[in-house]
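Protein chains in written order, with this note's numbering: chain A, 1269 to 1560; chain B, 59 to 245.
Here's the structure we're looking at; comments come further down.
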Amino acid sequence: MDHQEVIDLLPLAALDRLEPGEARQLDEHLREGCPQCEAQLRSWRETAAALASAPQGAGSDSRVWQRLESRLHTEAAAAHSLARTVSRPRRIGGERAPSVGWWRGVATVATAAAVLLLIYNRVIANRARRAEVRQLQQLESLSWQLNDLRSELTAAQTEAETLRSVLDERAKLDRILMSPDLQLMRLQALAPAPGAGGVVAVSRASRMAVVQTFGLPPAPPGKTYQLWWITKEGGPTKAGLFYAQTGRMSVAPASMPPAGQRVILAAVTLEPAGGVDKPTGAMYLKGAPDRE
Amino acid sequence: MADASKAQPSDRQLVAAMAAGDAQALHALTLRYARMLTALVLRFCAQEADAEETVADVLWQAWSEAKSYDPARGSVAAWLVTLARSRAIDRLRARQARQPPAGAAPPAAAASAGDPAAALDAAQQAQIVRTALAALDAGERAALELAYFSDLSQSQIAQRLGIPLGTVKTRIRTAMIKLRQALSGQR
């Protein structure tokens, strides 16, 4: 990272909005000693601080002061109580109170102990606060990771469902291929997808039909592929919708051809999502039944 | 940020007096900054009482650490604002860890007492900043406001605004440069 790149980071650094890698690089640069960048960063921080005055009127300085005043009183009362405790001589069992010198000694020790206790409490409180912030940051990071993992899991489940559906259709295709009344139509590529191809298998006896394709480009958003039966008697009849994935064989169920009509052609066109009643889009594949 | 009038002690003088245990100096600093800091904290936290407690924490920290304040590291205003924003973000994270974020409540106006010179100066400062923000390109302003008044990282800002990460960096940097120019030109 050259010097200009470091200088470009400074406005974002003043807002505490550097990405971790950028913050590390800036820290290293400043640690190596760069008075120019240090001065500029101070200046950018003043600019950032000015932003704090943009939000409009809120809160009450007198209520804030009441809170502070209460803390000052608590602090003063604690100090006063400590002073009284260590400075008030007491008679125990009718004995004479210890001498002033003795009480001074006790007071000094008690004051030192109180100061040490105060410092210790503050150190512990600071550590606890830092630990709490660290834990919150870790929690936030774990929460992000959990969200990512959930997304990955959902994607994996969707993929698994797709594969299961493809396997079911492949099994169905195998059964049709073994049927004695198998009718096969080999789909040939047309101009929109020259490398594509496929097959449509129909068994009227077992009432099953399946289309399998390869080499079709994925349908654009809002579009889908639609299979058609074209019969001598009734023209094109819709036979099912399916999607294609790059580099994958697509296997999908098809509806049975119209009863009592002779299919002379099967065709695949690209249509609006949800399908249409009559073909409107470009034809990608077509094929006639194999001779029996 | 707030230049004191001739009769008023400067921010640095107030902090020096606080370091010597002068509670009146803390009072003066509170009158000078509490409302601005509360308005800032309210951008992160919905409850006014929480915001005021956070600001009291900030000023109490300033009172406790006044002796270690180093003017060479920046102005008193920048110090207080940095403390307030940092505490506000900590509170926001703590609250988000416990419950889903709530919409910010509209801040209520409240009367301010004391130090009219500082109040006037703060009002002028606020007007300059608001004018400078209003003059920014809408995209730059959105990126800068999310960077300063939220706890979103650059990547999260990019996601929120639906723009590439590089564009976020450019917009924030440009906005900061324009803001600095506006501040230096009008001060």
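From the three backbone atoms N, C-alpha and C, an ideal C-beta is built for every residue, glycine too.
{"Query": "Buried/exposed call for R145(B), threshold 16 Cβ in 10 Å", "Result": "buried"}
{"Query": "Cβ of E1287(A) within 8 Å of any chain B Cβ", "Result": "yes"}
{"Query": "Short CB-CB distance (under 8 Å) between K125(B) and chain A", "Result": "no"}
{"Query": "is_contact[T217(B), chain A] using C-beta, thresh 8 Å", "Result": "A quick correction: the sequence has Gln, not Thr, at residue 217(B). Not closer than 8 Å to any Cβ of chain A, the Cβ of Q217(B) fails to qualify, so no."}
{"Query": "Closer than 8 Å to chain A by CB, I221(B)", "Result": "no"}
{"Query": "Interface flag, Q1272(A) vs chain B, CB-CB below 8 Å", "Result": "no"}
{"Query": "Within-8 Å CB hit, V1401(A) to chain B", "Result": "yes"}
{"Query": "Under the three-state DSSP convention, the category R1454(A) falls into", "Result": "strand"}
{"Query": "Beta-ladder partner(s) of T1492(A), from DSSP", "Result": "E1539(A)"}
{"Query": "Whole-angstrom distance between A1423(A) and G1490(A), CA atom to CA atom", "Result": "21 Å"}
{"Query": "Close-in-space but distant-in-sequence residues of the same chain around L1445(A) (CB under 7 Å, 5 per side omitted)", "Result": "A1469"}
{"Query": "Inter-residue Cα distance where the pair is V1531(A) and A1507(A)", "Result": "12 Å"}
{"Query": "Neighbour flag for L191(B) against chain A, beta carbons, 8 Å", "Result": "yes"}
{"Query": "Cβ neighbours of A142(B) in the same chain (closer than 6 Å, five flanking residues each side left out)", "Result": "L95, L98, V99, V116"}
{"Query": "Inter-residue spacing [alpha-carbon to alpha-carbon] between A191(B) and A75(B)", "Result": "The residue asked about is misnamed: residue 191(B) is Leu in this sequence, not Ala. Between L191(B) and A75(B), the C-alpha separation is close to 35 Å."}
{"Query": "Beta strand (DSSP E) segments (min. 3 residues) lying fully within the region 1427-1480 of chain A", "Result": "1451-1457, 1465-1471"}
{"Query": "Beta strand (DSSP E) segment containing A1520(A), residue limits", "Result": "1518-1521"}
{"Query": "Check whether P1547(A) and M1453(A) have beta carbons under 8 Å apart", "Result": "no"}
{"Query": "Residue range of the alpha helix (DSSP H) that includes G1289(A)", "Result": "1288-1300"}
{"Query": "Residues of the region 1312-1328 of chain A whose Cβ lies closer than 8 Å to any Cβ of chain B, in chain order", "Result": "W1312, R1313, E1314, T1315, A1316, A1317, A1318, L1319, A1320, S1321, A1322, P1323, Q1324, G1325, A1326, G1327, S1328"}
{"Query": "Complete alpha helix (DSSP H) runs within the region 110-162 of chain B (minimum length 4 residues, chain order)", "Result": "134-156"}
{"Query": "Chain A contact for M234(B) (CB, 8 Å cutoff)", "Result": "yes"}
{"Query": "Partners in chain B for L1280(A), counting only beta-carbon separations shorter than 9 Å", "Result": "A205, Q212, K227, I230, R231, M234"}
{"Query": "Proximity to V113(B) [Cα-Cα], best of R131(B), D148(B), P67(B), Q82(B)", "Result": "D148(B)"}
{"Query": "Test: Q183(B) CB closer than 8 Å to a CB of chain A", "Result": "yes"}
{"Query": "Same chain only: Cβ atoms within 7 Å of R124(B), ignoring 5 sequence neighbours per side", "Result": "Residue identity differs from the one stated: residue 124(B) is Ala in this sequence, not Arg. Closer than 7 Å at Cβ, skipping near neighbours: V73, M76, A77."}
{"Query": "Beta-carbon gap between L1484(A) and S1518(A) smaller than 8 Å", "Result": "yes"}
{"Query": "Extent of the continuous alpha helix (DSSP H) to which F207(B) belongs", "Result": "196-207"}
{"Query": "DSSP-derived helix/strand/coil call for L1283(A)", "Result": "coil"}
{"Query": "Neighbourhood of L1280(A) by C-beta, 6 Å cutoff - its chain only, sequence neighbours within 5 removed", "Result": "L1286"}
{"Query": "Residues near L1441(A) in its chain [Cβ-Cβ closer than 8 Å; skip 5 each side]", "Result": "A1469, V1478, Q1480, V1519"}
{"Query": "Own chain partners of R1292(A) with C-beta closer than 7 Å, once the 5 adjacent residues on each side are dropped", "Result": "none"}
{"Query": "Reduced DSSP category for L95(B) - H, G, I as helix; E, B as strand; rest coil", "Result": "helix"}
{"Query": "Where S133(B) meets chain A, residues with beta-carbon distance less than 7 Å", "Result": "E1314"}
{"Query": "Three-state secondary structure assigned by DSSP to I221(B)", "Result": "coil"}
{"Query": "Per-residue burial, D1416(A) [other beta carbons within 10 Å of its own, 16 or more giving buried]", "Result": "exposed"}
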